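In the numbering used here, the protein residues as written are 571 to 712.
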């Protein structure tokens, strides 16, 4: 175990191209930066985290938007979300209070709308009620 309290993985290469122009080189560049990079960074730097350490992984709303020109970028960002969910399965779902406290403090004023699924990586139906806490937060500025 290491002594780092946190690790932020924020890789991003956002190439856009029409569907009929996607080739192996374009796909490889996107996957190498947006998926392979964070995976290898976590593998290499994860041992430096303390037992209570946290990992933040930046994705993109492109994973949910459905823009044809950004289909490969969206796929890489959806992949990193799914990968992070799998990595989190080794974590704990008992930290929902920390997220709620953050959303209640002034430091969260830049968060205008967030739908946060806190589940410790678990999505098993028989454990759904115990492991899933969904926070929907709307910060209204006056």
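Virtual Cβ for every residue (Gly too), placed ideally from N, Cα, C.
No experiment lies behind these values; they were computed from the predicted model shown.
Point to revise | residue 592 in three-state terms, based on DSSP | key: Here residue 592 refers to the residue found at position 22 of the chain shown. Coil, per DSSP.
Practice item. Tell me whether residue 706 sits in a helix, a strand or coil according to DSSP, three-state version. Key: Walking along the chain shown from the start, residue 706 turns up at place 136. Since pLDDT at residue 706 reaches only 42, below the 50 mark, its modelled position is unreliable, and the value read off the structure follows with that caveat. In the structure shown, residue 706 sits in a strand (DSSP, three-state: E or B).
Practice item. Assign residue 622 to one of three DSSP states: helix, strand, or coil. Key: Translated into positions along the chain shown, residue 622 becomes position 52. Looking at residue 622 - three-state DSSP - the assignment turns out to be strand.
Point to revise | Given 8 Å, three or more beta-carbon pairs between the segment 636 to 652 and the segment 612 to 620 | key: no
Review point. Is it true that the segment 634 to 642 meets the segment 606 to 614, where meeting means three or more beta-carbon pairs spaced less than 8 Å apart?
Key: no
Exercise for review: Figure out for me which residue from 579, 573, 594 has the closest Cα to the Cα of residue 654.
Suggested key: Mapped onto the chain shown, residue 654 falls at position 84. When only C-alpha atoms are compared, the closest one is 579.
Exercise for review: Can you grab the Cα-Cα spacing for the pair residue 575 / residue 591, in whole Å?
Suggested key: Here residue 575 corresponds to residue number 5 of the chain shown, with the count starting at 1. Here residue 591 corresponds to residue number 21 of the chain shown, with the count starting at 1. Rounded to the nearest angstrom, the two C-alpha atoms are 43 Å apart.
Check your understanding: Hey, residue 681 and residue 671: beta-carbon distance below 9 Å or not?
Key -> Walking along the chain shown from the start, residue 681 turns up at place 111. Walking along the chain shown from the start, residue 671 turns up at place 101. No; because the gap between Cβ atoms is not below 9 Å, this pair is not in contact.
Check your understanding: In whole angstroms, what is the alpha-carbon distance linking residue 596 and residue 669?
Key -> Reading the chain shown from its first residue, position 26 is the one you call residue 596. Reading the chain shown from its first residue, position 99 is the one you call residue 669. Cα-Cα distance, rounded: 37 Å.
Review point. What first and last residue would you give for the alpha helix (DSSP H) that runs through residue 576?
Key: Numbered from its first residue, the chain shown carries residue 576 at position 6. Premise fails: residue 576 lies in the beta strand (DSSP E), 574 to 579, not in any alpha helix (DSSP H).
**Study point:** CA-to-CA distance, residue 571 to residue 711, given in whole angstroms
**Key:** As a working note, residue 711 is residue 141 in the chain shown. As a working note, residue 571 is residue 1 in the chain shown. Low confidence applies here, because residue 711 scores a pLDDT of 42, under 50, leaving its location unreliable; read the following figure in that light. If you take the alpha carbons of residue 711 and residue 571, they lie about 42 Å apart.
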